[in-house]
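Going by numbering that gives the first Met the number 0, the sequence shown opens with residue 0, and the numbers climb by one from there.
Ideal placement from N, C-alpha and C gives every residue a C-beta, glycine not left out.
A quick write-up on the structure given underneath.
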Amino acid sequence: MRIILDCDPGHDDAFAILLATASKEIELLGVTTVVGNSYLENTTKNARTVLDLFDMDIPVFAGCEKPLIRDIIVAPDIHGKSGLEGAQLPSAKRPIEKAHAVDFMAQMLTKYSDIILVPTGPLTNVALFMLRYPHLVKHINSIVLMGGGIAFGNVTPVAEFNIFADPEAAKIVLNSNVPIVMAPLDVTHQVVVTEKEISKMRRLGFKFDLLADLLAFFKSTYKKVFNIDGVPLHDPCTVMYLLHPEIFEVKEYHVDVETRGELTYGQTVVDVWRTSGKVPNAKVMLKADSERFFDVFFEKLSQLKGV
Ligand code: BDR
Ligand code: CA
Numbered sequence: 000m001r002i003i004l005d006c007d008p009g010h011d012d013a014f015a016i017l018l019a020t021a022s023k024e025i026e027l028l029g030v031t032t033v034v035g036n037s038y039l040e041n042t043t044k045n046a047r048t049v050l051d052l053f054d055m056d057i058p059v060f061a062g063c064e065k066p067l068i069r070d071i072i073v074a075p076d077i078h079g080k081s082g083l084e085g086a087q088l089p090s091a092k093r094p095i096e097k098a099h100a101v102d103f104m105a106q107m108l109t110k111y112s113d114i115i116l117v118p119t120g121p122l123t124n125v126a127l128f129m130l131r132y133p134h135l136v137k138h139i140n141s142i143v144l145m146g147g148g149i150a151f152g153n154v155t156p157v158a159e160f161n162i163f164a165d166p167e168a169a170k171i172v173l174n175s176n177v178p179i180v181m182a183p184l185d186v187t188h189q190v191v192v193t194e195k196e197i198s199k200m201r202r203l204g205f206k207f208d209l210l211a212d213l214l215a216f217f218k219s220t221y222k223k224v225f226n227i228d229g230v231p232l233h234d235p236c237t238v239m240y241l242l243h244p245e246i247f248e249v250k251e252y253h254v255d256v257e258t259r260g261e262l263t264y265g266q267t268v269v270d271v272w273r274t275s276g277k278v279p280n281a282k283v284m285l286k287a288d289s290e291r292f293f294d295v296f297f298e299k300l301s302q303l304k305g306v
């Protein structure tokens, strides 16, 4: 599977990157970055740091530094000011590639027509790609994204961060006719990192100790902000779905995004009972087998060189 991972690292984004690079089934063509959990400069630095840590030969392309229309929002309360706080990580060494993320996507989609886009941040880059290169949209095999929620949000009562950070972009992507698989909060909150997983990570070796520190920080902010005892590993659900779709229970729904509501701005509107009469445009993950998820997660990550 050829993929482009479009992300805003971000603690859980970092683990999505690592899971993809650790999996032989996946050819990661490049990592593209977007403003989201932190400003673009930081998310791009963080993506490079994570790849440097395990000497991964994957190019990093910076994308949009602001959402299509709305003002920037970032998430320092969850990911720290830098977007990836909690561990003494070495500073990023590899260069940022010259091409803009969106132009890199276009180059790759001109060359290959089987690419899966995997967005784990706000959908600004993907939407801009669609606006700028409409003739290449049909070359996208599918989009497997983390975002949205059916029953609840995490920035407002109904809006999830990645969608709320750029609802107009999300609307473009969901209405693009590209096959979409969506990991909403409803499923990611079933894949929870507790002390058990953090200790298991530490036991894998020195570099994993740093990764365990990241998870511990992420877990502590979830305790502070949401008063819950474990942290959902949101973004890796996308990569895991590619590797082992059977871990997830999925249903097809029509999904759209509210871009005007006073109370509902950024909500994913999921037509569970098909009241809209609209044809489903997304496979939505509803349930995850968390035990199996973590078995595969650790099996894959332990393939990375830890010393
Ligand atoms: C999403 O928001 C970010 O904080 C995480 O990286 C994840 O992509 C969860 O709502
Ligand atoms: Ca993210």
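Near ligand 1: residue i beta-carbon under 7 angstroms from a heavy atom
i, result
"residue 41", "no"
"residue 220", "no"
"residue 145", "yes"
"residue 120", "yes"
"residue 182", "no"
"residue 341", "Missing from the structure shown is residue 341; the chain here goes from 0 to 306 and no further."
"residue 26", "no"
"residue 159", "yes"
"residue 45", "no"
"residue 307", "No statement about residue 307 is possible, as the shown extent of the chain runs from 0 to 306 and does not include it."
"residue 234", "yes"
"residue 74", "yes"
"residue 11", "yes"
Ligand 2 heavy atom lying under 7 angstroms from the CB of residue i
i, result
"residue 79", "no"
"residue 6", "yes"
"residue 36", "yes"
"residue 85", "no"
Same chain, Cβ closer than 7 angstroms to residue i, neighbours up to 5 away in sequence not counted
i, result
"residue 295", "239, 242 and 243"
"residue 285", "185, 186, 248, 249 and 250"
"residue 169", "122, 146, 162 and 256"
"residue 160", "74, 153 and 154"
"residue 135", "105, 108 and 109"
"residue 263", "157 and 257"
Sequence-distant residues of the same chain with beta carbon closer than 8 angstroms to residue i, five excluded per side
i, result
"residue 191", "229, 230, 231, 232 and 289"
Beta-bridge partners of residue i, as assigned by DSSP
i, result
"residue 181", "144 and 283"
"residue 29", "3"
"residue 302", "For residue 302, which the question treats as bridged, DSSP gives no partner whatsoever."
"residue 61", "32"
"residue 267", "256"
Cut-off 6 angstroms between Cβ atoms - residues of its own chain near residue i, not counting five sequence neighbours on either side
i, result
"residue 222", "none"
"residue 6", "12, 119 and 120"
"residue 234", "11, 12, 15, 119 and 145"
"residue 48", "88 and 91"
Pick from the options that is closest to residue i, judged by C-alpha positions
i, options, result
"residue 83", "118, 23 and 46", "46"
"residue 206", "92, 302, 23 and 112", "302"
"residue 267", "16, 19, 154 and 39", "154"
"residue 193", "217, 202 and 298", "217"
"residue 66", "92, 252 and 37", "37"
"residue 278", "166, 254 and 116", "254"
"residue 23", "32, 31, 55 and 39", "55"
"residue 62", "126, 260 and 298", "126"
"residue 131", "105, 169 and 297", "105"
"residue 139", "111, 181, 145 and 90", "111"
"residue 137", "197, 129 and 143", "129"
"residue 58", "227, 259 and 97", "97"
"residue 151", "188, 176 and 53", "188"
"residue 300", "17, 101, 71 and 25", "17"
"residue 113", "31, 80, 260 and 177", "177"
"residue 77", "227, 219, 274 and 265", "219"
"residue 172", "214, 116 and 202", "116"
"residue 165", "259, 81 and 252", "259"
"residue 197", "297, 276 and 167", "297"
Neighbour flag for residue i against chain C, beta carbons, 8 angstroms
i, result
"residue 252", "Structure shown: chain C not included; a single protein chain is present."
Counting only runs of 3+ residues fully inside the segment 172-255, write out the beta strand (DSSP E) ranges in chain order.
-> Those beta strand (DSSP E) runs which fall completely within the segment 172-255 and span 3+ residues are 179-182 and 247-252.
Enumerated in chain order, which unbroken segments of the beta strand (DSSP E) with a length of 3 residues or greater are wholly contained in the segment 72-117?
-> Runs of the beta strand (DSSP E) inside the segment 72-117: none found.
Length-filtered (4 minimum) alpha helix (DSSP H) runs lying within the segment 8-54 = Qualifying alpha helix (DSSP H) stretches, in chain order: 10-20 and 39-52.
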